[in-house]
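Asks: This structure is in structure tokens; I'll ask about it shortly.
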Amino acid sequence: MFYCRLCFLLLICVTIPTSRSQAGGGPENLLLLVNSNSIDSKTVANHYIALRNIPANNVVYIDWRSGLEACQGKYFSEQILRPAIKAINERGLGAQIDYVVYSCDFPSKVGLESLLTDAKFGAANRPWASITGATYLWQFVRDKNPALMLPMVNLYVSPSSSDNYGQCQEMANTESRGFRATYFWTPNGTKTNDGSKGQAYLLSTMLGVSQGRGNTVDEILSYLNRSVKADGTRPRGTFYYMRNNDVRSKTRHDCYDVAAGLLKQMGQPAIVAPGVIPTGATDVLGIMTGSAKFDFPKSGAKLLPGAICDHLTSYGGDLSAKMGQTPLSVFLRAGAAGASGTVFEPLALQSKFPLPSLFIHYARGCSLAESFFQAVSGPYMLLIVGDPLCQPFAVLPLVEMDGIRPGQEVKGTLTIKASSASRAPKGVGSMELFVDGRLVARYAPGGKPQLDTTKLSDGYHELRVVAVNANSIQSRGRQIVPIVVNNRSGAVELTAFPSANVAVTDTVRISAKQEGAETLVIRQNRREIARIKGPSGDVEVLAATFGRGPVTLQAESLGPNPALSSRIELQIR
């Protein structure tokens with residue numbers, strides 16, 4: 028086994044309640060994987076980190092040098108998944124990471140024959156998985172377990188929906204449930220903390236696919252910007268279920284009327300309409316349809332920010348140039364926050380595609396990733412592309428940290444005081460404190476945890492306090508406040524030139540200084556960029572090393588008095 032959930036070292040003396048579930052998801056719960064050999068992958072990641080305030084500790088650079096459309100499962104397991112799980116383990120993030128998300132330029136298809144060497148493949152269980160499906164089912168990949176191809180392997184799907192894995196018939200009692208990677212789901216659909224009685228998963232999407240019939244980097248950045256702005260806006264729009272005589276529609280359209288009825292009971296417009304795309308509709312929050320081909324631009328339909336889309340067909344998630352069916356990327360090009368499709372011929376098997384409950388979970392406030400994975404019982408072939416954290420219908424709590432100013436210099440013991448409020452019916456249920464992206468405490472609203480700053484290096488650190496709603500979805504809101512710790516020798520000095528309007532072909536000169544330092548390490552997020560021997564010096568680094576967009580650097584001194592610098596930002600074009 029290459030993953031264990033480590034207990035993290037608490038910097039404060041606060042009891043963490045074990046009975047209260049924490050879900051909904053936020054940037055603190057997301058591990059972002061970046062292909063260190065791809066400028067496009069680094070560029071998309073740079074922008075997403077800035078858009079979502081992803082902690083530097085939650086970014087992992089993968090030295091991926093093989094195919095960008097497909098790879099064999101053996102290499103995916105060893106060179107992509109294993110380093111990701113190792114990072115969760117070594118960085119003490121096991122109690123908080125629920126999402127493992129890929130920037131672009133990773134292989135979207137994973138071949139299973141080299142991984143499941145004893146498995147028998149056939150028409151219903153083809154030997155190709157999506158990278159997001161294989162990541163969600165990471166324990167099956169780790170154990171080389173062919174059960175990952177079973178039609179009901181995903182026990183996170185609402186038990187009231189389980190009878191629909193063959194062909195969708197009824198959606199009347201659909202539940203929506205918050206997700207945590209530390210939850211285990213039992214065969215009868217209940218949640219447990221006992222790993223011997225259930226199965227755990229990791230939510231996963233790709234932010235974008237820029238190969239083949241995918242999207243350009245500019246298109247990826249455009250729909251990610253739209254999705255972030257949609258959070259908590261409760262947009263006024265309509266979910267469309269499109270019914271036609273194609274087997275791709277018939278597989279699930281018998282559930283459309285009940286699903287639309289549930290949405291209407293919630294006050295959310297939903298329409299079951301004939302055809303493939305809602306021609307001329309300008310208020311689209313979601314499209315579920317079944318068709319091999321369609322011309323979305325010609326339809327005149329307009330997607331609102333936060334919209335999610337899915338069409339049941341054989342190769343909607345196969346973005347290689349040779350395929351002729353309409354790919355999921357057309358929805359993203361039109362501004363969708365997320366879309367899905369299978370990466371290989373799945374046959375018209377309902378278990379491999381989202382149920383109509385997809386829109387129900389979303390409208391109740393679940394994140395995009397939670398909504399997709401609650402709706403597909405056999406997800407191994409389903410590629411999900413888009414912003415996993417998009418939550419247009421979430422009721423987001425507000426947090427205000429009291430008594431600590433941004434950039435304030437602190438020493439000794441620091442009392443964390445924060446107020447919170449929420450329009451959710453039960454208000455805020457719990458609070459969480461993160462230091463430099465790592466969860467260090469959960470506590471009741473009104474609590475005042477103590478932070479011993481002498482256990483931190485001198486220099487820049489980031490505090491974030493997160494409020495979690497007490498309802499079943501448990502959406503999250505946060506305030507982030509930077510502080511400067513000065514208990515010993517003070518912060519490292521760090522400068523870079525040029526820092527703005529830097530061409531990706533340019534060279535950046537980085538200077539660092541700390542009296543008494545033996546070595547100065549320059550980092551982009553957690554990735555080491557360069558080293559300087561001694562207490563001061565400078566290095567030149569190609570801007571392409573960082574990727575385009577907003578880039579954040581920090582220096583760390585190694586020696587008798589370890590310290591950190593402030594964070595400096597470059598703008599690379």
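Every position in the sequence shown, counted from 1, becomes a number in our numbering once 27 is added. Glycine residues also receive a C-beta, built at the ideal position from the N, C-alpha and C atoms. Here the structure is a predicted model, which is why all the values come from computation and not from measurement.
#1: Could you tell me whether the Cβ atoms of Val357 and Phe323 are closer together than 7 Å?
#2: Considering only DSSP beta bridges, list what Pro255 is partnered with.
#3: Using 8 Å for Cβ pairs, my map puts Ser378 next to Pro173. What's the rounded Cβ distance?
#4: Determine contact between the region 208 to 217 and the region 289 to 299, defined as no fewer than three beta-carbon pairs at a distance below 8 Å.
#5: Suppose contacts are defined by Cβ-Cβ distances below 7 Å. Is Glu583 in contact with Val531 by that definition?
#6: Quick one: complete beta strand (DSSP E) runs, 3+ long, within the region 261 to 339?
#7: Take the Cβ of Ser223 as the centre, count every other Cβ of all protein chains shown within 10 Å, and call the residue buried at 16 or more, exposed below.
#8: Taking the beta carbon of Ala590 as the centre, do at least 16 other beta carbons fall within 10 Å, making it buried, or is it exposed?
#9: Shortest alpha-carbon distance to Val519 belongs to which of Gly586, Asp533 and Tyr268?
#10: For the region 230 to 240 and the region 433 to 441, state whether three or more C-beta atom pairs, one from each stretch, are separated by less than 8 Å.
#11: What number of angstroms, rounded off, separates the C-alpha of Thr579 from the C-alpha of Asp533?
#12: Within 8 Å, do at least three Cβ pairs link the region 317 to 337 to the region 240 to 258?
#13: Would you kindly work out how many angstroms separate the C-alpha atoms of Pro381 and Met408, rounded to a whole number?
#14: Rounded C-beta distance between Leu175 and Ala396? I'm assuming under 8 Å.
#15: Entirely within the region 342 to 385 and at least 3 residues each: give me those beta strand (DSSP E) ranges in chain order.
#16: Leaving aside the five residues before and after Val127 along the sequence, list all residues of the same chain whose C-beta is less than 6 Å from its C-beta, in chain order.
#17: Could you spell out where the beta strand (DSSP E) holding Pro577 opens and where it closes?
#18: To the nearest angstrom, report how far apart Lys69 and Ser593 are at their CA atoms.
#19: Mind pulling the beta strand (DSSP E) runs of 3 or more residues that sit fully within the region 418 to 471?
#20: Does the beta-carbon distance from Leu143 to Lys171 come in below 7 Å?
#21: Excluding the 5 residues flanking Asp565 on each side, which residues of the same chain have their C-beta closer than 8 Å to its C-beta?
#22: Quick check on Ser48: buried or exposed, where buried means 16 or more other Cβ atoms within 10 Å of its Cβ?
#23: Do you know whose CA, among Ala523, His280, Gly464 and Ala150, lies nearest Thr316's CA?
#24: From which residue to which residue does the beta strand (DSSP E) around Pro525 run?
#25: Between Leu416 and Ser447, which are expected to be in contact by the criterion C-beta below 8 Å, what is the C-beta distance as a whole number of angstroms?
#26: Provide the residue span of the alpha helix (DSSP H) that contains Asp67, from first to last.
#27: Taking buried to mean at least 16 other C-beta atoms within 10 Å of its own C-beta, is Asp132 buried or exposed?
#28: So for Lys540, helix, strand or coil by DSSP?
#29: Tell me where the beta strand (DSSP E) around Gly138 begins and ends.
#30: Are the beta-carbon atoms belonging to Ser104 and Val168 less than 7 Å from one another?
#31: Can you check the region 183 to 261 for any alpha helix (DSSP H) of at least 4 residues that lies completely inside it and give the ranges in chain order?
#32: If you drop the 5 nearest sequence neighbours on each side, which residues of the same chain put their C-beta closer than 6 Å to that of Val455?
#33: Do the region 384 to 399 and the region 347 to 362 meet, that is, are 3 or more Cβ pairs less than 8 Å apart?
Replies: According to the structure data:
#1: yes
#2: The question names Pro, yet the displayed sequence has Val at residue 255. DSSP lists no partner for Val255.
#3: The pair is not a contact, with the Cβ atoms about 15 Å apart (cut-off 8 Å).
#4: no
#5: no
#6: Scanning the region 261 to 339 from its first residue to its last, the whole beta strand (DSSP E) runs of 3-plus residues come out as 265 to 270, 297 to 301, 311 to 316 and 330 to 338.
#7: exposed
#8: buried
#9: Gly586
#10: Counting Cβ pairs under 8 Å, fewer than three are found: no touch.
#11: Distance between the alpha carbons of Thr579 and Asp533 is about 17 Å.
#12: yes
#13: 12 Å
#14: With a Cβ gap of about 18 Å, Leu175 and Ala396 do not count as contacting.
#15: 365 to 369
#16: Once the five neighbours on either side are set aside, the close Cβ partners of Val127 are Leu58, Ala111, Thr162, Leu229 and Ser231.
#17: Gly576 to Leu585
#18: 22 Å
#19: 425 to 429, 435 to 437, 440 to 442, 444 to 448, 455 to 462 and 465 to 470
#20: yes
#21: Arg536, Ile537, Ser538, Ala539 and Ile559
#22: At Ser48, the pLDDT of 35 sits below 50, so the modelled position is not reliable; the number obtained from the coordinates is stated separately. Ser48 is buried by the Cβ-count criterion.
#23: Cα-wise, what sits closest to Thr316 is His280.
#24: Per DSSP, Pro525 belongs to no beta strand (DSSP E) and is neither H nor E.
#25: 20 Å between Cβ atoms; not a contact.
#26: Note, Asp67: alpha helix (DSSP H), Ile66 to Arg79.
#27: buried
#28: strand
#29: Lys136 to Gly138
#30: yes
#31: 244 to 257
#32: Taking Val455 as the centre and dropping the five residues before and after it, the same chain places the C-beta of Pro424, Ser447, Ser449, Pro472 and Ala494 closer than 6 Å to its C-beta, in chain order.
#33: No, because fewer than three Cβ pairs between the region 384 to 399 and the region 347 to 362 fall closer than 8 Å, the two stretches do not touch.
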